[in-house]
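Student:
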DNA sequence: CCCGTTGGTCAACGTTTGTTGGCCAACGCT
DNA sequence: AGCGTTGGCCAACAAACGTTGACCAACGGG
């Protein structure tokens, strides 16, 4: 038998018996990547958290980078054209991002790895371009300014996430959610809709 | 590592014959740490950049963490009580931070490592607390709100630095300096001096 | 001139990393 | 029952890392 039949019995998204293990790995990886960043999160530690053998990670995700890519499938679920009151877009966006950041650690992973790893930075650029820019295009007065205004918005949102969830500056952590919205909402509102200063 | 008896012939800042090598190491380390982050910047690669032997790094800085600590001696040189027009503090601070960020890579190192490494985050908190908070205390109306207002300021400044110098979002990089000041200046001004919303 | 001090190189160490292949147990069809 | 397929573990690999200590070369005061 010179020809080896590859395992490949279920290339389709059928339910596999190993799905529980797969998601256990994914969950542990998300936590480890969020806590330690890309380089310090080792496959061995992820495997230990998931209570399986390190070699299983390789089997199911090919490599550390493959696992990382699987973790980083992020959908910001930004509001569509409806539900976007142009007068409230600032507060709405800030609140939405706070929700996202506290709902799970994916965004922390993204930020931590985007800062460390060039591939992570590229992925972050992609998410910014594909998900935040359209919102800016919809609400800002001059479409030509949309990229700049989206970038300004991103800078403020990312900065607060940084101070609050990654660096954990005590005053930023202590700030109640509604107060963050009250401060940052008008800023984002201005970045997106105010006339060019 | 308290105080071991180093060869210590010149514990005082006297001129040593090896100073050129020492600064060569420090320069190479700053660039490598800025480009690669703490974990990926290896002592071997730093030594190769400085064209010396890896063991010299150990000799002069004790360990990788020692070298890292030597790199991270950051003085933001924020303006003192004089030269702080309360009506212009926003624009002044934003401009000053842009200067700092473009003058050398130390702040990029700090941010990159602050995000990855817990010690780096601690150091960043220290710089924030010791250097930015006093400014907020001086210009903001209610001293009790100073920490929160300083944190808000830090979030916006850090976020822009992130988007522009670390993640390199194209629209953020393309923004001319004066436009960044025009957009972010009023924001910081409001965070520091406007009445609580 | 001699010799202690300093600047620097070389080769090796022990660990940890991502990754691989072989082996065994449980399943599910016929 | 029989047997191929799948899920999982174990032991090992090579490479790269931080770190160490032995060794040599040049300097400089007595």
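Protein chains in written order, with my numbering: chain A, 829 to 1025; chain B, 829 to 1025.
Even for Gly, the Cβ is constructed at its ideal location relative to N, Cα and C.
The structure presented is a predicted model; accordingly, all values stated were derived computationally and were not measured.
#1: Please find out if some non-hydrogen atom of the ligand SAH comes closer than 7 Å to the beta-carbon of residue 910/A.
#2: Any beta-carbon of chain A closer than 8 Å to the one on residue 983/B?
#3: Quick check on residue 932/B: buried or exposed, where buried means 16 or more other Cβ atoms within 10 Å of its Cβ?
#4: Where does residue 980/B sit, in a helix, a strand or coil, going by DSSP?
#5: Residue 862/A CB to nearest chain B CB: under 8 Å?
#6: Please report how far the alpha carbon of residue 853/A lies from the alpha carbon of residue 942/B, in whole angstroms.
#7: Please confirm whether residue 994/B and residue 921/B have their CB atoms less than 8 Å apart.
#8: Taking the alpha carbon of residue 962/B as the reference point, which residue from 893/B, 859/B, 912/B, 875/B has its own alpha carbon closest?
#9: Taking any Cβ of chain B, which residues in the region 985-996 of chain A have a Cβ under 9 Å from it, in chain order?
#10: Classify residue 832/A: buried if its beta carbon has 16 or more other beta carbons within 10 angstroms, exposed otherwise.
#11: Out of 977/A, 930/A, 906/A, 989/A, state which residue places its alpha-carbon closest to the alpha-carbon of residue 818/A.
#12: May I ask you to report which of helix, strand or coil DSSP gives residue 835/B?
#13: Can you find at least 3 beta carbon pairs, one from the region 963-974 of chain B and one from the region 974-989 of chain A, that sit closer than 8 Å?
#14: If you run the structure through DSSP and keep just helix, strand and coil, what is residue 916/A?
#15: Measure from the C-beta of residue 931/B to each C-beta in chain A and report whether the shortest distance is under 8 Å.
#16: Please identify the residue among 1021/B, 1006/B, 1022/B, 1025/B whose C-alpha is closest to the C-alpha of residue 924/B.
#17: Which class does residue 1023/A belong to by DSSP, given the choice of helix, strand or coil?
#18: Does the beta-carbon distance from residue 857/B to residue 874/B come in below 8 Å?
#19: Do residue 999/A and residue 978/B have their C-beta atoms closer together than 8 Å?
#20: Taking residue 1025/A as the query, report the chain B residues whose CB atoms sit under 8 Å from its CB, ordered along the chain.
#21: Can you tell me whether residue 930/A is helix, strand or coil according to DSSP?
#22: What residues from chain B crowd round residue 949/A, counting only those whose CB sits closer than 8 Å?
#23: Compare the Cα-Cα distances from residue 959/B to each of 969/B, 997/B, 901/B, 916/B and report the closest residue.
#24: Going by C-alpha to C-alpha distance, which of 844/A, 915/A, 951/A sits closest to residue 1020/A?
#25: Go ahead and pull the three-state DSSP assignment for residue 1003/B.
#26: What's the call for residue 817/A, buried or exposed, on a 16-neighbour Cβ count within 10 Å?
Tutor: According to the data block:
#1: Within the structure as shown, the ligand SAH is missing, as the structure has no ligands at all.
#2: Answer yes: the Cβ-Cβ gap between residue 983/B and chain A drops below 8 Å somewhere.
#3: Its Cβ having fewer than 16 others within 10 Å, residue 932/B is exposed.
#4: Per DSSP, reduced to three states, the secondary structure at residue 980/B is helical.
#5: For residue 862/A, the closest Cβ of chain B is not nearer than 8 Å.
#6: Cα to Cα, the separation comes out at about 27 Å.
#7: No.
#8: Taking only the C-alpha atoms, the option nearest residue 962/B is 912/B.
#9: Taking 9 Å as the Cβ-Cβ cut-off against chain B, the residues of the region 985-996 of chain A that qualify are 985, 986, 987, 988, 989, 990, 991, 992, 994, 995, 996.
#10: Low confidence applies here, because residue 832/A scores a pLDDT of 33, under 50, leaving its location unreliable and the question unanswered by this model.
#11: An answer regarding residue 818/A cannot be provided, because it is not within the stretch 829 to 1025 covered by chain A.
#12: Note that residue 835/B scores a pLDDT of 41, beneath 50, so its modelled location is shaky and nothing firm can be said.
#13: Counting C-beta pairs closer than 8 Å gives fewer than three between the region 963-974 of chain B and the region 974-989 of chain A, which falls short of the contact rule.
#14: Reduced to three states, the DSSP call for residue 916/A is coil.
#15: Output row for residue 931/B: interface = no.
#16: Among 1021/B, 1006/B, 1022/B, 1025/B, the Cα nearest to that of residue 924/B is on 1006/B.
#17: Residue 1023/A carries a coil assignment under DSSP once its states are collapsed to helix, strand and coil.
#18: Contact: yes.
#19: In this structure, residue 978/B lies closer than 8 Å to residue 999/A by Cβ.
#20: By Cβ distance, chain B contributes 1010, 1011, 1014.
#21: When secondary structure is reduced to three states using DSSP, residue 930/A falls in the helix class.
#22: Going along chain B in sequence order, the residues near residue 949/A (Cβ under 8 Å) are 994, 995, 996.
#23: Looking at the Cα atoms, 901/B is the closest of the given residues.
#24: Checked all of 844/A, 915/A, 951/A; the closest Cα to residue 1020/A is 915/A.
#25: DSSP places residue 1003/B in coil when its eight states are reduced to three.
#26: No information on residue 817/A is available, as it lies outside the stretch 829 to 1025 that chain A covers here.
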